[in-house]
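J.: Take a look at this one; I'll ask things after.
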Amino acid sequence: MPASPALRLLALLGALLLAACPKSSELGEGSGEGECSNGVDDDGDGRVDCRDEGCFGSAECEGVDAGPLDAGRLDGGRLDAGPGRPDVGLPPPDSGGPCEPAPERCNGADDDCDGFFDEEPELLCAPGEICVGGACECEEGSFCGGECVDTSSDPAHCGGCGLACPEGDGCVDGRCCGLRTERLDLLFVVDDSRSMVEEQRALTAALPRLVRALASGDADGDGGLDFPPVESLHVGVVTPNMGTGGVPVPTCSEPALGDDGILQTAGSTAAGCRSSYPSVLTFEPGAGGDPDAFARDVGCLATQGTNGCGFEQQLDAALKAVTPSSSPIRFVSGTTGHADGANAGFLREDALLGIVMVTDEDDCSAADPDLFNPRSTEYTGDLNLRCFQYPEALHPLARYADLVAGRDPDRVFFSLITGIPPEIEPAPGTPIDYAGILAHPDMQARIDPAEPIRLAPSCRDAAGMALAYPPVRLVQAARQLETTGATATLTSSCQDDFGGFVDGVLERLSEGVVSSCAP
Numbered sequence: 113m114p115a116s117p118a119l120r121l122l123a124l125l126g127a128l129l130l131a132a133c134p135k136s137s138e139l140g141e142g143s144g145e146g147e148c149s150n151g152v153d154d155d156g157d158g159r160v161d162c163r164d165e166g167c168f169g170s171a172e173c174e175g176v177d178a179g180p181l182d183a184g185r186l187d188g189g190r191l192d193a194g195p196g197r198p199d200v201g202l203p204p205p206d207s208g209g210p211c212e213p214a215p216e217r218c219n220g221a222d223d224d225c226d227g228f229f230d231e232e233p234e235l236l237c238a239p240g241e242i243c244v245g246g247a248c249e250c251e252e253g254s255f256c257g258g259e260c261v262d263t264s265s266d267p268a269h270c271g272g273c274g275l276a277c278p279e280g281d282g283c284v285d286g287r288c289c290g291l292r293t294e295r296l297d298l299l300f301v302v303d304d305s306r307s308m309v310e311e312q313r314a315l316t317a318a319l320p321r322l323v324r325a326l327a328s329g330d331a332d333g334d335g336g337l338d339f340p341p342v343e344s345l346h347v348g349v350v351t352p353n354m355g356t357g358g359v360p361v362p363t364c365s366e367p368a369l370g371d372d373g374i375l376q377t378a379g380s381t382a383a384g385c386r387s388s389y390p391s392v393l394t395f396e397p398g399a400g401g402d403p404d405a406f407a408r409d410v411g412c413l414a415t416q417g418t419n420g421c422g423f424e425q426q427l428d429a430a431l432k433a434v435t436p437s438s439s440p441i442r443f444v445s446g447t448t449g450h451a452d453g454a455n456a457g458f459l460r461e462d463a464l465l466g467i468v469m470v471t472d473e474d475d476c477s478a479a480d481p482d483l484f485n486p487r488s489t490e491y492t493g494d495l496n497l498r499c500f501q502y503p504e505a506l507h508p509l510a511r512y513a514d515l516v517a518g519r520d521p522d523r524v525f526f527s528l529i530t531g532i533p534p535e536i537e538p539a540p541g542t543p544i545d546y547a548g549i550l551a552h553p554d555m556q557a558r559i560d561p562a563e564p565i566r567l568a569p570s571c572r573d574a575a576g577m578a579l580a581y582p583p584v585r586l587v588q589a590a591r592q593l594e595t596t597g598a599t600a601t602l603t604s605s606c607q608d609d610f611g612g613f614v615d616g617v618l619e620r621l622s623e624g625v626v627s628s629c630a631p
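Structure, rendered in structure tokens:
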């Protein structure tokens with residue numbers, strides 16, 4: 113029976129519709145038989161189809177040469193890193209050549225060849241700007257007076273455009289703060305044993321930058337105020353030579369009390385210094401003093417030479433220097449502290465206290481001076497290993513919580529320049545991973561198999577001139593002081609640049625500015 117006119121009309125319309133429909137490959141699906149692997153660009157997207165979604169990795173494309181990576185696609189003038197990476201560049205044509213990674217910039221291109229462009233836009237531009245559409249623009253609310261400003265820290269626009277702080281105040285986290293000018297008492301404990309030439313030299317080289325920053329309040333040298341300039345600076349120097357309980361020992365010329373935690377006055381004439389200095393060096397930036405000249409004086413006192421006692425008692429030296437005689441704490445032979453005696457005038461009640469230890473060996477503050485006796489029947493073996501082999505003869509670390517006794521712990525900082533491996537030196541201003549540092553393989557105190565009369569070094573400098581030994585007790589003491597509320601910084605002594613120490617001190621002073629802001 114012949115089809116009716118209506119059915120013939122429907123069939124004709126269906127054929128016309130089928131003819132008008134694009135093939136699947138023209139839609140970019142790459143699902144047509146043979147269209148993934150025919151080596152041409154069926155869908156006109158600038159790529160042969162074996163690079164297309166739906167074709168890439170399919171059985172049909174296995175073994176097919178699909179041409180150059182990212183053919184026909186431009187990524188900042190470079191090709192994508194590999195097939196399957198997101199294409200984030202511009203339309204064809206491609207410039208060709210391999211992708212050569214470069215630091216990411218705010219330019220709308222994939223500079224680092226990772227398949228993404230302008231990552232972390234808030235970090236690619238200047239403060240107060242953000243990367244938008246390949247160009248740096250002011251963040252919302254930070255376009256003031258025709259320029260981008262950081263309204264969280266700009267005293268002229270504190271918290272918003274035109275919101276100026278009173279003269280002399282700073283801006284922290286978008287609020288005006290009355291900045292407190294500080295006094296700072298800085299005690300250096302400088303190891304003067306035979307191996308300390310390089311470390312004393314590096315400390316002296318770091319001092320001018322430290323003093324200039326303290327005098328100006330400019331921590332990073334950009335001309336801006338990072339914290340109020342220090343109103344008054346006291347500096348004193350002691351050595352870790354606390355004697356050997358009266359027992360004559362090689363390298364310890366004063367076996368009774370050593371230098372006894374008393375502030376030093378002798379200068380290094382061999383380094384072109386005067387023969388003597390005041391026990392307390394004082395610098396007041398507002399009085400017109402020369403910071404570089406003051407730094408030279410501090411360097412002359414800090415260059416204590418290398419003829420000191422080989423039994424370093426850094427913690428007890430610092431404690432005796434800052435402990436008043438009225439304290440119940442007792443030292444060797446029942447002696448008392450020097451803060452109100454030989455060292456009177458160094459500490460001030462209203463000042464920040466900074467204690468800086470520069471040493472290449474661990475602390476050996478002895479509770480029992482018989483530890484140093486070569487003829488001791490209780491402590492035997494090589495003298496070089498006594499402090500390591502008999503930890504029970506040393507003062508417990510709890511004793512050194514008294515470094516902050518009678519003071520606000522928040523106004524005390526403890527800086528160690530010592531033998532931690534440089535690769536685990538904490539960045540200034542970041543929390544210290546004490547557990548990780550103490551667990552590091554090179555921080556494990558053990559006898560050196562190559563030289564059984566000493567411990568294995570924890571680090572060496574690049575030139576192999578300076579080496580140090582695991583400062584386990586010193587790092588543990590820093591951790592304990594932080595639990596009291598004090599701040600600690602750690603810097604490796606196995607390097608010729610002690611810039612990390614300077615950064616840590618300045619970071620601590622900057623934090624003091626934040627804490628002085630009224631709520």
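For the sequence shown, my numbering puts the final residue at 631, and the numbers step up evenly by one.
Virtual Cβ for every residue (Gly too), placed ideally from N, Cα, C.
In its own chain, which residues sit with a C-beta less than 7 Å from the C-beta of Glu-490, not counting the 5 before and 5 after it?
T.: For the purposes of this step, residue 490 is taken as residue 378 along the sequence shown, with counting starting at 1. Excluding residues within five positions, the ones whose Cβ falls inside 7 Å are Asp-482.
J.: Three or more beta-carbon pairs under 8 Å between the stretch 468-475 and the stretch 288-308, yes or no?
T.: Short answer: they touch.
J.: Within the stretch 477-553, note down every full beta strand (DSSP E) run reaching 3 residues or more, in order along the chain.
T.: Runs of the beta strand (DSSP E) inside the stretch 477-553: 524-530.
J.: Could you please give the first and the last residue of the uninterrupted beta strand (DSSP E) stretch that includes Thr-394?
T.: Working through the sequence shown from its first residue, we reach residue 394 at position 282. Its beta strand (DSSP E) spans residues 393-395.
J.: In the DSSP assignment, the alpha helix (DSSP H) including Pro-403 goes from what residue to what residue?
T.: As a position in the sequence shown, residue 403 is number 291, starting the count at 1. 403-414 is the span of the alpha helix (DSSP H), which, as asked, contains Pro-403.
J.: Could you tell me how far apart the beta carbons of Cys-260 and Cys-250 are, in whole angstroms, since I believe they sit closer than 8 Å?
T.: Here the question's residue 260 lines up with position 148 in the sequence shown. Here the question's residue 250 lines up with position 138 in the sequence shown. Right, the Cβ-Cβ distance comes to about 4 Å (below 8 Å), so this counts as a contact.
J.: Given Pro-534, which residues of its chain have a CB within under 7 Å of its CB, disregarding the five upstream and five downstream residues?
T.: For the purposes of this step, residue 534 is identified with residue 422 of the sequence shown, where counting begins at 1. Cβ neighbours of Pro-534 beyond the five flanking positions: Cys-571, Ser-604, Cys-606, Gln-607.
J.: Starting from Thr-601, trace the beta strand (DSSP E) both ways and give me its first and last residue.
T.: As a position in the sequence shown, residue 601 is number 489, starting the count at 1. Element bounds for Thr-601: 599-604.
J.: Have a look at Cys-248 and Asn-219 and give me their C-alpha separation to the nearest angstrom.
T.: The residue you call residue 248 lines up with position 136 of the sequence shown. The residue you call residue 219 lines up with position 107 of the sequence shown. Their Cα atoms are separated by approximately 9 Å.
J.: Using the three-state DSSP reduction, which class does Cys-173 fall into: helix, strand or coil?
T.: Counting from 1 along the sequence shown, the entry for residue 173 is found at position 61. Helix, per DSSP.
J.: Can you give me the Cβ contacts of Ser-344 inside the same chain, cut-off strictly under 6 Å, excluding the 5 residues immediately before and after it?
T.: Counted from its first residue, the sequence shown places residue 344 at position 232. Contacts found: Arg-295, Glu-396.
J.: Note the first and the last residue of the continuous alpha helix (DSSP H) segment covering Leu-345.
T.: Taking the sequence shown and counting its residues from 1, the one referred to as residue 345 is at position 233. Counting along the chain, Leu-345 falls outside any alpha helix (DSSP H), though it belongs to the beta strand (DSSP E) covering 344-350.
J.: Provide the residue span of the alpha helix (DSSP H) that contains Leu-326, from first to last.
T.: Residue numbering aside, residue 326 sits at position 214 when the sequence shown is read from its first letter. Residues 309-328.
J.: Where does Ser-622 sit, in a helix, a strand or coil, going by DSSP?
T.: Taking the first residue of the sequence shown as position 1, residue 622 is located at position 510. In the structure shown, Ser-622 sits in a helix (DSSP, three-state: H, G or I).
J.: Does any residue of chain C bring its CB to less than 7 Å from the CB of Leu-413?
T.: As a matter of chain content, chain C is missing from the structure shown, which is built from one protein chain.
J.: Apply the 10 Å Cβ neighbour rule to Glu-619 and answer buried if 16 or more other Cβ atoms are within range, or exposed otherwise.
T.: Mapped onto the sequence shown, residue 619 falls at position 507. Answer is buried; the Cβ neighbour count reaches 16.
J.: Count the C-beta pairs between the stretch 428-437 and the stretch 450-459 that are closer than 8 Å, then say yes if the count reaches three, no if not.
T.: A contact exists between the stretch 428-437 and the stretch 450-459.
J.: So, are the CB atoms of Gln-376 and Val-349 less than 7 Å apart?
T.: On the sequence shown, residue 376 is found 264 positions in, with the first residue counted as 1. On the sequence shown, residue 349 is found 237 positions in, with the first residue counted as 1. Going by C-beta atoms, Gln-376 is nearer than 7 Å to Val-349.
J.: Looking at the strands, I want to know which residues DSSP matches up with Arg-386.
T.: In the sequence shown, counting from the first residue as 1, residue 386 sits at position 274. Paired residue(s): none; Arg-386 is not in a bridge.
J.: Could you tell me the alpha carbon to alpha carbon distance between Leu-621 and Asp-522, rounded to whole angstroms?
T.: Looking up residue 621 in the sequence shown gives position 509. Looking up residue 522 in the sequence shown gives position 410. Straight-line Cα distance between these residues: approximately 11 Å.
J.: So what does Glu-259 bridge to, in DSSP terms?
T.: The residue given as residue 259 occupies position 147 in the sequence shown. Cys-256, per the DSSP bridge assignment.
J.: What number of angstroms, rounded off, separates the C-alpha of Pro-367 from the C-alpha of Asp-266?
T.: On the sequence shown, residue 367 is found 255 positions in, with the first residue counted as 1. On the sequence shown, residue 266 is found 154 positions in, with the first residue counted as 1. If I take the Cα positions, the gap works out to 57 Å.
J.: Spatial neighbours of Cys-364 within its chain, please: C-beta separation below 6 Å, excluding the five flanking residues on both sides.
T.: On the sequence shown, position 252 is the one that residue 364 refers to. Thr-356, Cys-421, listed in sequence order.
J.: Output the distance between the C-alpha atoms of Cys-288 and Arg-217, rounded to the nearest integer angstrom.
T.: Reading the sequence shown from its first residue, position 176 is the one you call residue 288. Reading the sequence shown from its first residue, position 105 is the one you call residue 217. Their backbone Cα atoms lie some 34 Å apart in a straight line.
J.: When the Cα atoms are used, what is the spatial distance from Glu-174 to Glu-232?
T.: Counting from 1 along the sequence shown, the entry for residue 174 is found at position 62. Counting from 1 along the sequence shown, the entry for residue 232 is found at position 120. Spanning the two alpha carbons is a distance of roughly 37 Å.
J.: Can you tell me whether DSSP reads Pro-564 as helix, strand or coil?
T.: One-based indexing of the sequence shown puts residue 564 at position 452. Of the three classes helix, strand and coil, the one that applies to Pro-564 here is strand, per DSSP.
J.: Is it the case that the stretch 331-343 contacts the stretch 400-417, given that we only count it when at least three CB pairs across the two stretches are under 8 Å?
T.: Flag = no, the stretch 400-417 and the stretch 331-343 do not touch.
J.: Taking the beta carbon of Ala-598 as the centre, do at least 16 other beta carbons fall within 10 Å, making it buried, or is it exposed?
T.: As a working mapping, residue 598 is identified with position 486 in the sequence shown. Buried, by the Cβ-count rule.
J.: Going by the CB atoms, is the gap between Ala-383 and Leu-315 shorter than 7 Å?
T.: For the purposes of this step, residue 315 is identified with residue 203 of the sequence shown, where counting begins at 1. For the purposes of this step, residue 383 is identified with residue 271 of the sequence shown, where counting begins at 1. No, the Cβ-Cβ distance between Leu-315 and Ala-383 is not below 7 Å.
J.: Using a Cβ distance threshold of 8 Å, determine whether the stretch 491-509 contacts the stretch 318-328, with at least three qualifying pairs required.
T.: As far as the Cβ criterion goes, the stretch 491-509 does not touch the stretch 318-328, which means the pair count is below three.
J.: Apply the 10 Å Cβ neighbour rule to Ala-331 and answer buried if 16 or more other Cβ atoms are within range, or exposed otherwise.
T.: By 1-based counting over the sequence shown, the position of residue 331 is 219. Classification for Ala-331: buried.
J.: Have a look at Ala-378, Val-444, His-346, Val-301 and flag the residue whose alpha-carbon is nearest the alpha-carbon of Gly-358.
T.: The residue you call residue 358 lines up with position 246 of the sequence shown. Among Ala-378, Val-444, His-346, Val-301, the Cα nearest to that of Gly-358 belongs to Val-444.
J.: Give me the Cα-Cα distance between Ser-477 and Asn-353, rounded to the nearest whole angstrom.
T.: For this step, residue 477 is matched to residue 365 along the sequence shown. For this step, residue 353 is matched to residue 241 along the sequence shown. Their Cα atoms are separated by approximately 10 Å.
J.: Can you tell which of Ile-536, Gln-501, Leu-369 has its C-alpha closest to the C-alpha of Glu-554?
T.: Position 442 of the sequence shown, counted from the start, is the residue given in the question as residue 554. The question names Glu, yet the displayed sequence has Asp at residue 554. Checking every option, the nearest Cα to that of Asp-554 belongs to Ile-536.
J.: Indicate the three-state DSSP secondary structure (helix, strand or coil) for Gly-612 in the structure shown.
T.: For this step, residue 612 is matched to residue 500 along the sequence shown. Reduced to three states, the DSSP call for Gly-612 is helix.
J.: Under a three-way DSSP split, which group does Arg-217 fall into?
T.: Against the sequence shown, residue 217 aligns to sequence position 105. The answer is coil: DSSP assigns Arg-217 none of H, G, I, E or B.
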